[in-house]
Amino acid sequence: MLDPSSDTLDIDILVLPETNLILVASVIEPLRAANRISGQALYRWRIFSPDGQPVETRSRIPVPVDGLFRPEREKEPLFVLSSYQWQMSATPLLRRQLSQTARHRTMMAGIESGSWLLAEASLLNGHSVTIHWEDMEEFASRYPQIAVMRERYVIDGKRITTGGSLPTLDLMLEIIRRRQGYSLALEVSRLFIYEHERTGGLLQVPALGNMRIADQRVSQAVRVMEETVDAPLTLTRLAKRVGISARHLQDLFQESMGVAPHQHYLALRLNAARRKVIETKAEFADIAALTGFNSSSAFSRSYRAHYHESPTETRRRLRAGAKG
Numbered sequence: 040m041l042d043p044s045s046d047t048l049d050i051d052i053l054v055l056p057e058t059n060l061i062l063v064a065s066v067i068e069p070l071r072a073a074n075r076i077s078g079q080a081l082y083r084w085r086i087f088s089p090d091g092q093p094v095e096t097r098s099r100i101p102v103p104v105d106g107l108f109r110p111e112r113e114k115e116p117l118f119v120l121s122s123y124q125w126q127m128s129a130t131p132l133l134r135r136q137l138s139q140t141a142r143h144r145t146m147m148a149g150i151e152s153g154s155w156l157l158a159e160a161s162l163l164n165g166h167s168v169t170i171h172w173e174d175m176e177e178f179a180s181r182y183p184q185i186a187v188m189r190e191r192y193v194i195d196g197k198r199i200t201t202g203g204s205l206p207t208l209d210l211m212l213e214i215i216r217r218r219q220g221y222s223l224a225l226e227v228s229r230l231f232i233y234e235h236e237r238t239g240g241l242l243q244v245p246a247l248g249n250m251r252i253a254d255q256r257v258s259q260a261v262r263v264m265e266e267t268v269d270a271p272l273t274l275t276r277l278a279k280r281v282g283i284s285a286r287h288l289q290d291l292f293q294e295s296m297g298v299a300p301h302q303h304y305l306a307l308r309l310n311a312a313r314r315k316v317i318e319t320k321a322e323f324a325d326i327a328a329l330t331g332f333n334s335s336s337a338f339s340r341s342y343r344a345h346y347h348e349s350p351t352e353t354r355r356r357l358r359a360g361a362k363g
């Protein structure tokens, strides 16, 4: 599930009663966005409930489901979502079903309180996991055979756990990054941009890793990059605009974003170019000039390296889909 691939990934989602609606959206919306932005069915999902009925969320908005959770030998990753009153769902039947299906699944994910359900089924023994910060001490005391980490999400072998809704969003972006690359993950993340009062108005994006942009100098550099997509600055000039050395900016960027500044810059430019390829009829030479490439051939090479198809193939594929 986490290896680079352009194949469709099918995911099964088990939603338990009293789950937060935002938790469900944190799993599904990044996948939907990845499909829309790429113009491909990169992800598909099925939603199940313990009784086959729509799940009543804490916000009293029901989540429609595809059916009753009755696993057989499915290999698709299974995400178990729970927020409140997980104990009511931890029936002997469900624990047995989770244990049985884990023998065949390529991955099992405990999303927020879903980790409690996996632990109750003895599916997290010997693994490193995380849980909502309010539950960490109780969880660690109850399951001494499980290593509890103070992380937003943890991927350990065939087990994934998250500590809440926003950490789950971070996890889904990380899955997209590993499968389709940094450029697509970045573009998806930018759909969920939000502002935090303590950042002085600088835009913050969900993390593409286990960290967020906490350093204002990195946030400022990202903003400058966004403003100069058509005429990219050198690292030295970019660092000067931020007020630090190029070496310091490079180190800060690697620590906060997990990539070098030039990788993020290139992803921004390619994302802008891709939108123009998809949404306009502009000539590729014009798109190249508008996004800081020296020539249409240099643009096409970089585009293919990141999106595994040429700009021409993207337009041809979308035209074919529209006719179909």
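For any residue, its number in the numbering used here is found by taking its place in the sequence shown, counting from 1, and adding 39.
C-beta: ideal position from N, C-alpha, C; glycine also.
Just so it is clear, the structure is predicted and the values come from calculations on it, not from any experiment.
- Annotation: L117 to R181 spans about 24 Å, alpha carbon to alpha carbon.
- A straight-line Cα-Cα distance of about 32 Å links R71 and L132.
- In the structure shown, the three-state DSSP call for I100 is coil.
- If you draw a straight line from the Cα of E348 to the Cα of R314, it is about 15 Å long.
- Within the DSSP secondary-structure output, R83 pairs in a beta bridge with D49.
- The three-state reading of DSSP puts G282 in coil, since its state is none of H, G, I, E or B.
- Listed in chain order, the non-local C-beta contacts of I100 below 8 Å within the same chain comprise L60, local neighbours out to five positions each way being set aside.
- For D195, DSSP records a beta bridge to R198.
- Its chain contains E151 and H171 as the residues whose beta carbon lies nearer than 6 Å to that of G203, once the 5 sequence neighbours on both sides are disregarded; these appear in chain order.
- Look at M175 here: in three-state DSSP terms it is helix.
- Residues I52, L53, V54, L55, T58, L62, V63, V66, I150, E151 and G153 of the same chain have their beta carbon placed closer than 8 Å to that of L120, with the five preceding and five following residues left out of the count.
- Within 10 angstroms of the beta-carbon of E226 lie 16 or more other beta-carbons, which makes it buried.
- In the DSSP assignment, L117 falls within the beta strand (DSSP E) that extends over L117 to S121.
- Under the DSSP assignment, E68 falls in the alpha helix (DSSP H) whose first and last residues are L60 to S77.
- For a cut-off of 8 Å, the C-beta gap from A160 to R134 is around 5 Å, short enough to register as a contact.
- By the Cβ test, the region 271-280 is not in contact with the region 190-203, since fewer than three Cβ pairs between them sit closer than 8 Å.
- Our two residues, F338 and K197, have alpha carbons roughly 38 Å apart in a direct line.
- Counting along the chain, the unbroken alpha helix (DSSP H) around M127 starts and ends at W125 to S128.
- Take the alpha-carbon of E176 and the one of T200: they are about 16 Å apart.
- Your pair V316 and R354 checks out as a contact, with CB atoms roughly 6 Å apart and the cut at 8 Å.
- Nearest to I283 by alpha-carbon distance, out of L137, L162, R256 and N164, is R256.
- H303 sits buried, since 16 or more C-beta atoms from the chains shown fall within 10 Å of its C-beta.
- Contact check for L288 against A260 passes: the beta carbons are separated by less than 8 Å.
- The alpha helix (DSSP H) runs lying completely inside the region 320-356 and spanning 4 residues or more are 323-329 and 335-346, given in chain order.
- Under the three-state reduction of DSSP output, V94 falls in the strand class.
- In this structure, L208 keeps its C-beta atom at 8 Å or more from the C-beta atom of A224.
- Taking each of P89, K114, R112 and R109 in turn and checking the Cα distance to V102, the smallest one comes out for P89.
- Here DSSP, grouped into helix, strand and coil, assigns G106 to strand.
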